[in-house]
Amino acid sequence: MWYWSSHMANWGFGGFFMFIFWIAIIALVIWAVVTLTRSGTIHTGGGEPRREPLDIAKERYAKGEITQEQFETIKKHLQ
């Protein structure tokens, strides 16, 4: 008699590969969600480089946005 105790006994390794397939799909979905939610916080290197506060103060002083006294105060606080 060819009666097996499991209804998937004739699948061989098929059940195992199906299990691996679904684990891979779940991992892919988790990876996609994490990547999409982090996309706003990851800096890819594009855009303007980070500027130092003293350089910004020098630029503002050169443009006339701040007075010499204000520039000296900012410079004093930064150093």
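Numbering (the UniProt record's numbering), first residue to last: 1 to 79.
The beta carbon of each residue, even a glycine, is placed where N, CA and C say it ideally should be.
Computed from a predicted model, the values in this text were never measured in an experiment.
Checklist entry - With DSSP run on the structure shown, which of helix, strand or coil describes E65? => result Looking at E65 - three-state DSSP - the assignment turns out to be coil, as it is neither helix nor strand.
Item to check | Three-way DSSP call (helix, strand, coil) for Q79 in this model | outcome: Coil.
Item to check | C-beta contact flag for A57 and I30 at 9 angstroms | outcome: In this structure, A57 keeps its C-beta atom at 9 angstroms or more from the C-beta atom of I30.
Next on the checklist: In the DSSP assignment, the alpha helix (DSSP H) including R38 goes from what residue to what residue?
Outcome noted: Segment 14-38, the alpha helix (DSSP H) holding R38.
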